[in-house]
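Chemist: I'd like to ask you about the structure that follows.
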Amino acid sequence: MSTETIDWGKLGFSYMKTDFSYISYYKDGQWDEGKLVEENTITIAQSATALHYGQQCFEGLKAYRAKDGSIQLFRPDENAKRMNRSNERIMMPELPVEKFIDACMQVVKANERFVPPYGTGATLYLRPFLIGVGDNLGVRPAPEYLFCVFCAPVGPYFKGGLAPVNFMTSDFDRAAPYGTGAAKVGGNYAGSLMPHEEAVKKGFADCIYLDPATHTKIEEVGAANFFGITKDDKFITPKSPSILPSITKYSLMHIAKEYLGMDVEERDVLVDNLDEFKEAGACGTAAVITPIGGISHKGNLHVFHSETEVGPVTKKLYDTLYGIQFGDVEAPEGWIYKVK
Ligand SMILES: *Cc1c(COP(=O)(O)O)cnc(C)c1O
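This is the structure in structure tokens:
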């Protein structure tokens with residue numbers, strides 16, 4: 000397909016076939032060389048653990064086109080390390096960090112014509128995943144594994160860019176207190192489809208998950224992390240073993256502290272004490288920062304800064320992160336990997 004017909008500024012967050020993806024197989028205790036392939040399908044055993052027991056994990060990161068035309072990745076080493084924490088949790092083999100980064104680089108280079116131009120706000124989204132394959136029947140780790148990275152050019156995850164959206168708390172949980180919430184494993188997401196659908200039907204962008212043990216504390220905003228800005232300008236984000244540790248969130252904590260001179264705290268965020276925040280947002284690779292207009296809890300809508308305008312602190316955080324990711328603001332050492 001020709002990329003000339005793509006309207007880069009109008010891309011949503013959806014799949015588009017690109018030219019190449021990367022595949023590597025793990026057999027007899029080792030990974031093969033790995034290679035780029037043109038097809039966007041895979042053939043696996045009917046009895047693969049990935050299909051029956053959810054033995055699979057994934058990552059998400061983006062390639063950004065800078066002003067000078069070069070392409071860069073944002074903290075891919077952190078995605079590689081997180082994938083290995085997921086692998087460990089569900090008994091899948093370790094994937095060397097260098098192999099993960101090399102696979103991402105190869106996929107970006109091979110699909111360079113799909114990396115959106117600078118200034119469109121669009122990026123090339125990379126989706127690495129690792130799954131258990133091979134013949135197996137009982138509940139046990141798979142005999143073989145497959146690691147793949149594919150990509151698609153994407154625009155903003157929530158429509159409207161930096162326009163605030165509203166969320167509602169869910170009565171469902173996405174993860175158990177000491178379950179797999181901190182691992183990016185597929186099993187956490189099938190169960191989120193219904194609460195998501197319920198929230199959308201009621202006119203919200205997505206649902207907010209509370210802590211599974213007491214349902215009194217905010218944990219996640221759909222598949223993004225939560226942050227709030229207190230009236231005295233502290234950056235607050237929830238701490239819990241069932242939250243997926245967002246690389247965007249940890250990057251924002253660093254930016255808040257080192258670039259904006261704010262105090263930063265990871266601690267409980269009580270859903271009955273939202274008054275402590277003057278602004279709030281959701282953050283993640285796909286969402287970047289999505290300002291939270293309001294949160295509906297037990298039928299009452301709590302509005303933060305505004306339902307229509309982004310707050311000034313959230314805007315500063317967004318501009319700094321976005322600037323770093325696209326190469327316009329100097330990044331902390333080691334955050335940017337140039338694709339060469
Ligand atoms: C991937 C993900 C995030 C965001 O993580 P980033 O590393 O910032 O992309 C947040 N919450 C959930 C549940 C996720 O799956």
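Taking numbering that gives the first Met the number 0, I'd label the letters of the sequence shown as residues 0 to 339. Ideal placement from N, C-alpha and C gives every residue a C-beta, glycine not left out. Since the model is a prediction, treat every value here as computed from it, not as a measurement.
Under the assumption that T168 contacts I207 (Cβ atoms under 8 Å), give the Cβ distance between them as a whole number of angstroms.
Modeler: 5 Å
Chemist: Would C103 and P75 qualify as a contact pair, given that the criterion is a beta-carbon distance under 8 Å?
Modeler: Cβ atoms of C103 and P75: closer than 8 Å.
Chemist: When DSSP builds the beta bridges, which residues end up paired with C282?
Modeler: N224, I288
Chemist: Among A175, V132, L50, whose alpha-carbon lies nearest the alpha-carbon of A212?
Modeler: Answer by Cα proximity: A175.
Chemist: Kindly provide the ranges of any alpha helix (DSSP H) runs that are 4 or more residues long and lie completely inside the stretch 103-153, ordered along the chain.
Modeler: For the stretch 103-153, not a single whole alpha helix (DSSP H) run of length 4 or above is found.
Chemist: When you measure from the CB of C103 to every non-hydrogen atom of ligand 1, does any distance come out below 7 Å?
Modeler: no
Chemist: To the nearest angstrom, how far is it from the Cα of R139 to the Cα of S85?
Modeler: R139 and S85 have their C-alpha atoms spaced approximately 16 Å apart.
Chemist: With burial defined as no fewer than 16 other Cβ atoms inside 10 Å of the residue's Cβ, what is the status of R112: buried or exposed?
Modeler: By the neighbour-count rule (16 or more Cβ atoms within 10 Å), R112 is not buried but exposed.
Chemist: Measuring straight from C-alpha to C-alpha, what distance separates F171 and L145?
Modeler: 32 Å
Chemist: Under a three-way DSSP split, which group does A79 fall into?
Modeler: helix
Chemist: Is the distance from the Cβ of L161 to the Cβ of Y317 below 8 Å?
Modeler: yes
Chemist: Roughly how many angstroms lie between the CA atoms of K16 and K256, to the nearest whole one?
Modeler: 40 Å
Chemist: Flag C282 as yes when its Cβ comes closer than 7 Å to any non-hydrogen atom of ligand 1, and as no otherwise.
Modeler: Under cutoff, so the answer is yes.
Chemist: Bridge partners for Y21 per DSSP, in chain order?
Modeler: L35, V148
Chemist: Please check the pair T215 and L269, which I expect to be a contact at CB under 8 Å, by giving their CB distance rounded to whole angstroms.
Modeler: 6 Å
Chemist: V302 by DSSP, collapsed to three states: which one?
Modeler: strand
Chemist: Quick check: is any heavy atom of ligand 1 less than 7 Å from the C-beta of E218?
Modeler: no
Chemist: How about G133 and A47: are their beta carbons less than 8 Å apart?
Modeler: yes
Chemist: Output needed for M252: all residues of its chain with C-beta closer than 6 Å, excluding positions within five of it in sequence on either side, in chain order.
Modeler: Here the set comprises V263.
Chemist: Across the stretch 321-334 and the stretch 228-244, are there enough close Cβ pairs to call them in contact, namely three or more that are closer than 8 Å?
Modeler: Because the criterion of three Cβ pairs below 8 Å is not met, the stretch 321-334 and the stretch 228-244 do not touch.
Chemist: With H, G and I counted as helix, E and B as strand and the rest as coil, what does DSSP make of G293?
Modeler: strand
Chemist: By alpha-carbon positions, which one of G202, T247, K337 ends up nearest to A222?
Modeler: T247
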